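When we follow our numbering, the leftmost residue of the sequence shown carries the number 43, and every step to the right adds one.
The beta carbon of each residue, even a glycine, is placed where N, CA and C say it ideally should be.
Please read all numbers here as calculations on a predicted model, not as lab measurements.
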Amino acid sequence: MDLLVRDAELLVVDGEREIPGGWAVIEAGRIVDVGRAGTEPGARRILSAAGRLVTPGLINTHHHIHQNLTRSYAPAVNASLFDWLTTLYPLWAALDDEAVYVSAYVGMAELLLGGCTTSSDHLYVHPRPRLVDAEIRAARDIGFRFHATRGSMTRSVEDGGLPPRSVTQTEDEVLADSERLIKAHHDPAPGALVRVALAPCSPFSVTRELMRATAELAERYDVRLHTHLAEDRDEDTYCLETYGCRPVEYFEDTGWMSDRSWVAHCIHANDAELGRLAAAGVGVAHCPSSNMLIAGGTAPVRRMRELGMPVGIGCDGSASTDHASLWLEARTALLLGRHRNGPAAMSARDVLGMATHGSARCLGRDGELGHLRPGACADLVVWDLPEVALAGAVSDPVEAWLRCGPARAWTTVVGGRILVDRGEPALPALTDTLREHGRIARRVQGIV
Numbered sequence: 043m044d045l046l047v048r049d050a051e052l053l054v055v056d057g058e059r060e061i062p063g064g065w066a067v068i069e070a071g072r073i074v075d076v077g078r079a080g081t082e083p084g085a086r087r088i089l090s091a092a093g094r095l096v097t098p099g100l101i102n103t104h105h106h107i108h109q110n111l112t113r114s115y116a117p118a119v120n121a122s123l124f125d126w127l128t129t130l131y132p133l134w135a136a137l138d139d140e141a142v143y144v145s146a147y148v149g150m151a152e153l154l155l156g157g158c159t160t161s162s163d164h165l166y167v168h169p170r171p172r173l174v175d176a177e178i179r180a181a182r183d184i185g186f187r188f189h190a191t192r193g194s195m196t197r198s199v200e201d202g203g204l205p206p207r208s209v210t211q212t213e214d215e216v217l218a219d220s221e222r223l224i225k226a227h228h229d230p231a232p233g234a235l236v237r238v239a240l241a242p243c244s245p246f247s248v249t250r251e252l253m254r255a256t257a258e259l260a261e262r263y264d265v266r267l268h269t270h271l272a273e274d275r276d277e278d279t280y281c282l283e284t285y286g287c288r289p290v291e292y293f294e295d296t297g298w299m300s301d302r303s304w305v306a307h308c309i310h311a312n313d314a315e316l317g318r319l320a321a322a323g324v325g326v327a328h329c330p331s332s333n334m335l336i337a338g339g340t341a342p343v344r345r346m347r348e349l350g351m352p353v354g355i356g357c358d359g360s361a362s363t364d365h366a367s368l369w370l371e372a373r374t375a376l377l378l379g380r381h382r383n384g385p386a387a388m389s390a391r392d393v394l395g396m397a398t399h400g401s402a403r404c405l406g407r408d409g410e411l412g413h414l415r416p417g418a419c420a421d422l423v424v425w426d427l428p429e430v431a432l433a434g435a436v437s438d439p440v441e442a443w444l445r446c447g448p449a450r451a452w453t454t455v456v457g458g459r460i461l462v463d464r465g466e467p468a469l470p471a472l473t474d475t476l477r478e479h480g481r482i483a484r485r486v487q488g489i490v
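Rendered as structure tokens:
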């Protein structure tokens, strides 16, 4: 056996099984077995999780990693969604291959520290070609499990949209590059580290024709679909004026109403629309911090889960959320769920379930990610909480994980490889990459 993680205070296998004093053994990137203390096999490497909680790796279902180059950008911090976007689009027009690579490398390191072992990323500004390739290169250099969602915008200000022409593309350019990326990088095999999804940015940033053509392309190559949906009231107004229907109706009309799709936010869908989305198997990336900072509302997560919708957790872009910690998003989801629906509406286990197997369902990987059953990908986190913060928390390690804290990954394992070790990223290039990130962020923001 390659690696034995042992002596956990509690090993969370999945939503139904928890093992006090548990262990998990890993070989060839997969979980081989789990069990109780005293029954563990030998292994070439032993990792002690004594006194710590072990969970499946958290899964990020929505992000815009490049935005960490404009984190907490002062002119936009108090803006509404549309004003925030129009302020930042001109800055993102400066993105190039180097900028996208370093932002992705730094963003993935931050995700790993927050217990994330798999992330999607929605890159939808394309001032230069092949920027998604730079993200994928960073993920491969790190060994991070990555779902690149090839975003797109075709409606510029000149066409009645929000972004400048400099960050949009033509429909032919979008479709040709989408097909190229799938052929070059999408790995449909079990245990894949890199997959590709197709992701027009939103109903108000692309044409009806591109939405339909993208859905057809995804069907042809059997890849997933992602977009923003029902995020803001202004979206309702825009869709009614432009398409004569509400956003969910437009989503359905363009061929997206299927279990191939997962959407970000879905705040303003009414109950009938939620029912149609649920019946089709559409998943939702719940992004609590972003929704609260932009103040556009919050998703009705409890109702979605009652309807059986796949609901996962997403960080969203760091220029609005300004962090990339799935632990912090999970804690915020716990607080927001209880604030919205009462103290019995959301538990730490509910949120852990959303951040693991709920997110895996959104990405179409619920069979092999989001749990630690034998055969699963060996993606797990050993969590560290300061002893002072845990003082008195002796009855329930899972509730303490989110109620106490802050928690940070002590060890993060992706595919059997240790990428965070004793609370620090095991990434030799990180120091130099951070230096380059600072230089590029100043250039993008116009700060000398």
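By how many angstroms is the C-alpha of residue 342 removed from the C-alpha of residue 405?
-> 20 Å
For residue 430, which of 447, 192, 415 and 313 has the nearest alpha-carbon?
-> 447
Measuring CA to CA, which of 170, 193 and 161 is closest to residue 180?
-> 161
Within the same chain, show all residues whose beta-carbon is closer than 6 Å to that of residue 107, passing over the 5 residues directly before and after it, in chain order.
-> 145, 146, 149 and 163
How long is the line joining the alpha carbons of residue 459 and residue 71, rounded to whole angstroms?
-> 8 Å
Between the stretch 449-458 and the stretch 410-429, do at least 3 Cβ pairs fall closer than 8 Å?
-> yes
Residue 93 to residue 380, Cα distance in whole Å?
-> 28 Å
Anticipated Cβ contact below 8 Å, residue 142 with residue 176, distance rounded = 4 Å
Minimum C-alpha distance to residue 378 - residue among 219, 336 and 331 | 331
Unbroken beta strand (DSSP E) run spanning residue 164, endpoints | 158-165
Within 8 Å, strictly: CB atoms of residue 401 and residue 101 = yes
Going along the chain, which unbroken runs of the beta strand (DSSP E) with 3 or more residues stay wholly within the stretch 444-468?
-> 450-456 and 459-463
Spatial distance of residue 211 from residue 199 (CA atoms) = 13 Å
Assign residue 257 to buried or exposed, taking buried as 16 or more other Cβ atoms, counted over all protein chains shown, within 10 Å of its Cβ.
-> buried
CA-CA distance, residue 120 and residue 362?
-> 10 Å
Does the separation of the CB atoms of residue 399 and residue 55 fall below 8 Å?
-> no
Residue burial classification, residue 333 (beta-carbon count within 10 angstroms, cutoff 16) | buried
Once you ignore the five residues that flank residue 178 on each side, which residues in its own chain have a CB closer than 8 Å to its CB?
-> 188, 190, 227 and 236
Length of the line joining the Cα atoms of residue 285 and residue 250 = 9 Å
What is the residue span of the beta strand (DSSP E) that residue 102 lies within?
-> 100-102
Distance between beta carbons of residue 243 and residue 279, contact taken as under 8 Å | Actually they are not in contact, since the Cβ atoms of residue 279 and residue 243 sit about 18 Å apart, beyond 8 Å.
Would you tell me roughly how many angstroms separate the C-alpha atoms of residue 89 and residue 59, rounded to the nearest one?
-> 21 Å
Can the beta-carbon of residue 272 be found less than 8 Å from the beta-carbon of residue 310?
-> yes
Kindly list the residues whose CB is nearer than 8 Å to the CB of residue 229, restricted to its own chain and excluding five residues on each side of it in sequence; keep chain order.
-> 235, 236 and 237
Range of the contiguous beta strand (DSSP E) that encloses residue 69 | 64-69
Return the bridge partner residues of residue 426 from the DSSP annotation.
-> 450
Residue 129 beta carbon less than 8 Å from that of residue 118 | yes
Would you call the CB atoms of residue 422 and residue 47 closer than 8 Å?
-> yes
Hey, which unbroken runs of the beta strand (DSSP E) at 3 residues or more fall wholly within the stretch 104-134?
-> none
Terminal residues of the continuous alpha helix (DSSP H) containing residue 321?
-> 313-322
Per DSSP, residue 60 forms a beta bridge with which residues?
-> 54
With DSSP as the reference, label residue 75 as helix, strand or coil.
-> strand
From residue 444 to residue 155, what distance separates their C-alpha atoms?
-> 16 Å
Whole angstroms is fine: what's the gap from residue 91's alpha carbon to residue 441's?
-> 18 Å
Is it the case that the Cβ atoms of residue 68 and residue 417 are separated by a distance below 8 Å?
-> no
Span of the beta strand (DSSP E) holding residue 354?
-> 353-355
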